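Report on the structure given below.
Number of protein chains: 2
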Amino acid sequence: MEIRELRYFVAVAEELHFGKAAQRLGIAQPPLSRAITQLERRLGTALLERTSRKVTLTEAGAVLLAEGRAILSAVTAAERRTQRAATAHPSLVLAVKSGTAGELLAKLLDAYAAEPGAATVDLLLCEAHQHQQLLKDGEADVALLHLPFDSAAGLDTELLYTEGQVAILPASHPLASCSQVRLNDVTTLPELPVARWPGPGGSYPEGPGAEVRNLTQLFQLIALGRSTVVVPESAGADLRRDLAAVPVLDAPPVTTVIAWPPHSRLRTVADLIRVATCL
Amino acid sequence: MEIRELRYFVAVAEELHFGKAAQRLGIAQPPLSRAITQLERRLGTALLERTSRKVTLTEAGAVLLAEGRAILSAVTAAERRTQRAATAHPSLVLAVKSGTAGELLAKLLDAYAAEPGAATVDLLLCEAHQHQQLLKDGEADVALLHLPFDSAAGLDTELLYTEGQVAILPASHPLASCSQVRLNDVTTLPELPVARWPGPGGSYPEGPGAEVRNLTQLFQLIALGRSTVVVPESAGADLRRDLAAVPVLDAPPVTTVIAWPPHSRLRTVADLIRVATCL
DNA sequence: GCTGATCGATATCGCTCGGGTATCGCTGCA
DNA sequence: TGCAGCGATACCCGAGCGATATCGATCAGC
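Chains as they are written, first to last, in the numbering used here: chain S, 2 to 280; chain H, 2 to 280.
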């Protein structure tokens, strides 16, 4: 199986249309048809059911689509990482969500900078849920992420920090004076619907709450008495005066982990991980 | 970058000899030289330093070797999994070390078999440290492994079971009557050197202890008063009469996890994981 | 029920490129 | 200094990839 064939197959499997896939690939349709047929012959199994009106994936095709996407990511990652390793002083790209525990990050960067032979660290600010793809595509070398919100599937991780969650409420709200609350107390307030974040696909889940993209927006809304949210303790530190943070007893703890692709052998990555776990 | 080029590069990088690599690949040396040169030109970076006497990897080459091996594994895995998905009733291959907690495994298999739409489960008995490669090569769909002994790098895992460790001693040994011991007490007995297991490479670490491959061999040795070992509690259950198990207070706990490749989308794997975590 | 549009498959051609053999040039060693 | 080992280069041939033209099947609309 060759990368070219895989790239072609993934295009067709995603478009479910030979013509459009060929256009996307910048080739004509007949060689695409032929390449897929040949791939099927090599594997000895049908990947697509085609009539002249509709193309659908077989079971085997669905499996190959998932594996193929991962392989294509790995290939672009390999190319990028190889090229970056060839530069004179390769920098280290650390992917973090904007809003990641500022103190931890500052301490980490300081401690690593003090290491002998430390590389320049480039921060790659990304949206939530994006870390994983950045690491798999080779755009980042290492990331800080928050379980269970972010997925660490297929990544190596080391635990850095565990914290509870707090509810952010308008300072004037009756619950704001409680010393602790339960999840149900805050998620079921009809006057303060819990805000919604974009999911992995970038689209918002259904619900009554407002759609927000970042903490500033969100805190504004809460201060206006229009919403509420449950966030990790560190995100609720240093609040505006008109907001209050109340520990939520039964919210799942949030774990900050440092994550990297499993076959990374860069000394700089290893150093950063060592420093991070010793903080 | 094409798979063919990657396969060629990995061969040369491993052999560090164009002639031998060409032989291993079943092609002549000149096209191999040319393919590597072309790969270097495409990536815009040198991968190998060559004189007419010696070939060495550059930094970039070392990175590409690591990434390339992973990609080649992923490709063979994709082929295998695609072909298996095409069979009428794909079975589920579960990789376990011989000696894996028998009771847990039996319960798991029983519970899964009771699931509606359960697939046949093929057990793939493997050596320690082999699981990971079996999953990455697509020979197994899911594995039971023991942290921190086995590495789960790049795999998704779910925790199943945590247990302490016990020292296995001859029943007649003075320590055998203690209710608990410390690691130091048993690992520093000059008359009973701790047995050695083969490492990830299949070779044995240095040390005074005997080399063993399985528990039966080992228990035999211990009964003869020639060795001792620290193993998870479950491996020390149902011992021969001439052996004793003593809890080791400060040995790290052993965690049995179920592990699977991160982009597995097989319903049968998902079912097995669900059953396993609900045991 | 016919007709045209849509879409994947097939036929055929030209050219690129991968693989082969022969040979060169460099290097370390006797 | 001559030889052996090894990678690079030169050159040739055939497989395979991509393009164009065309076919055949299926569905929509009148």
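Virtual Cβ for every residue (Gly too), placed ideally from N, Cα, C.
Because the structure is a prediction, the values reported are computed rather than measured.
Backbone CA spacing between residue i and residue j [nearest angstrom]
| i | j | result |
| --- | --- | --- |
| residue 28 of chain H | residue 34 of chain H | 11 Å |
| residue 47 of chain S | residue 93 of chain S | 43 Å |
| residue 1 of chain S | residue 237 of chain S | This structure leaves residue 1 of chain S out entirely; chain S is present only between 2 and 280. |
| residue 232 of chain S | residue 169 of chain S | 7 Å |
| residue 255 of chain S | residue 95 of chain H | 32 Å |
| residue 117 of chain H | residue 272 of chain H | 10 Å |
| residue 220 of chain S | residue 107 of chain S | 23 Å |
| residue 140 of chain S | residue 222 of chain S | 34 Å |
| residue 60 of chain S | residue 50 of chain S | 10 Å |
| residue 52 of chain H | residue 42 of chain H | 18 Å |
| residue 189 of chain H | residue 112 of chain S | 37 Å |
| residue 155 of chain H | residue 12 of chain H | 24 Å |
| residue 226 of chain H | residue 77 of chain S | 56 Å |
| residue 20 of chain H | residue 30 of chain H | 6 Å |
| residue 145 of chain H | residue 279 of chain H | 15 Å |
| residue 22 of chain S | residue 38 of chain S | 15 Å |
| residue 148 of chain H | residue 73 of chain S | 30 Å |
| residue 90 of chain S | residue 265 of chain S | 17 Å |
| residue 142 of chain H | residue 216 of chain H | 26 Å |
| residue 174 of chain S | residue 105 of chain S | 31 Å |
| residue 268 of chain H | residue 9 of chain S | 26 Å |
| residue 230 of chain H | residue 258 of chain H | 22 Å |
| residue 109 of chain H | residue 119 of chain H | 12 Å |
| residue 246 of chain S | residue 178 of chain S | 9 Å |
| residue 210 of chain S | residue 241 of chain S | 21 Å |
| residue 88 of chain H | residue 121 of chain H | 13 Å |
| residue 97 of chain S | residue 213 of chain S | 19 Å |
| residue 150 of chain H | residue 129 of chain H | 9 Å |
| residue 75 of chain H | residue 40 of chain S | 17 Å |
| residue 277 of chain H | residue 180 of chain H | 33 Å |
| residue 99 of chain S | residue 131 of chain S | 12 Å |
| residue 36 of chain S | residue 260 of chain S | 38 Å |
| residue 26 of chain S | residue 191 of chain S | 50 Å |
| residue 62 of chain H | residue 24 of chain H | 21 Å |
| residue 218 of chain H | residue 224 of chain H | 10 Å |
| residue 32 of chain H | residue 44 of chain H | 18 Å |
Interface partners of residue i on chain H, CB under 7 Å
| i | result |
| --- | --- |
| residue 72 of chain S | 72, 75, 76, 79 |
| residue 45 of chain S | 84 |
Cross-chain neighbours of residue i in chain S, by beta carbon under 9 Å
| i | result |
| --- | --- |
| residue 264 of chain H | 67, 68, 70, 71, 154, 155 |
| residue 182 of chain H | The premise fails here: residue 182 of chain H is roughly 29 Å from chain S at the closest Cβ pair, so nothing lies under 9 Å. |
Partners in chain H for residue i, counting only beta-carbon separations shorter than 9 Å
| i | result |
| --- | --- |
| residue 60 of chain S | 86, 87, 91 |
| residue 63 of chain S | 86, 266 |
8 Å Cβ cut-off: residues of chain S touching residue i
| i | result |
| --- | --- |
| residue 259 of chain H | In chain order: nothing, as chain S lies at least about 14 Å away. |
Residue i: contacting residues in chain H (beta-carbon distance under 8 Å)
| i | result |
| --- | --- |
| residue 5 of chain S | 3 |
Beta-carbon spacing of residue i, residue j below 7 Å
| i | j | result |
| --- | --- | --- |
| residue 115 of chain H | residue 64 of chain S | no |
| residue 193 of chain S | residue 228 of chain S | yes |
| residue 239 of chain H | residue 172 of chain H | no |
| residue 3 of chain S | residue 3 of chain H | yes |
| residue 164 of chain S | residue 207 of chain S | no |
| residue 152 of chain H | residue 166 of chain H | no |
| residue 136 of chain H | residue 262 of chain H | yes |
Contact list for residue i against chain S, beta-carbon separation under 7 Å
| i | result |
| --- | --- |
| residue 13 of chain H | Under the 7 Å cutoff, chain S gives no residues; its nearest Cβ is about 15 Å from residue 13 of chain H. |
**Request:** Return the chain-ordered ranges of every alpha helix (DSSP H) run that is complete within the stretch 68-148 of chain S and spans a minimum of 4 residues.
**Result:** 103-114, 132-137
**Request:** Could you say if the stretch 63-79 of chain S and the stretch 76-95 of chain H meet the contact criterion of at least three C-beta pairs nearer than 8 Å?
**Result:** yes
**Asked** What residue ranges within the stretch 165-220 of chain H form continuous alpha helix (DSSP H) runs of no fewer than 4 residues, ordered along the chain?
**Response** 184-188
**Item:** Inter-stretch contact at 8 Å, needing at least 3 Cβ pairs: the stretch 203-220 of chain H / the stretch 150-159 of chain H
**Value:** no
**Item:** At least 3 beta-carbon pairs within less than 8 Å: the stretch 257-274 of chain H vs the stretch 186-199 of chain H
**Value:** no
**Given 8 Å, three or more beta-carbon pairs between the stretch 51-58 of chain S and the stretch 10-17 of chain S** = yes
**Asked** Between the stretch 180-196 of chain S and the stretch 239-253 of chain S, do three or more beta carbon pairs fall short of 8 Å?
**Response** Between the stretch 180-196 of chain S and the stretch 239-253 of chain S, the count of Cβ pairs shorter than 8 Å is three or higher; the stretches touch.
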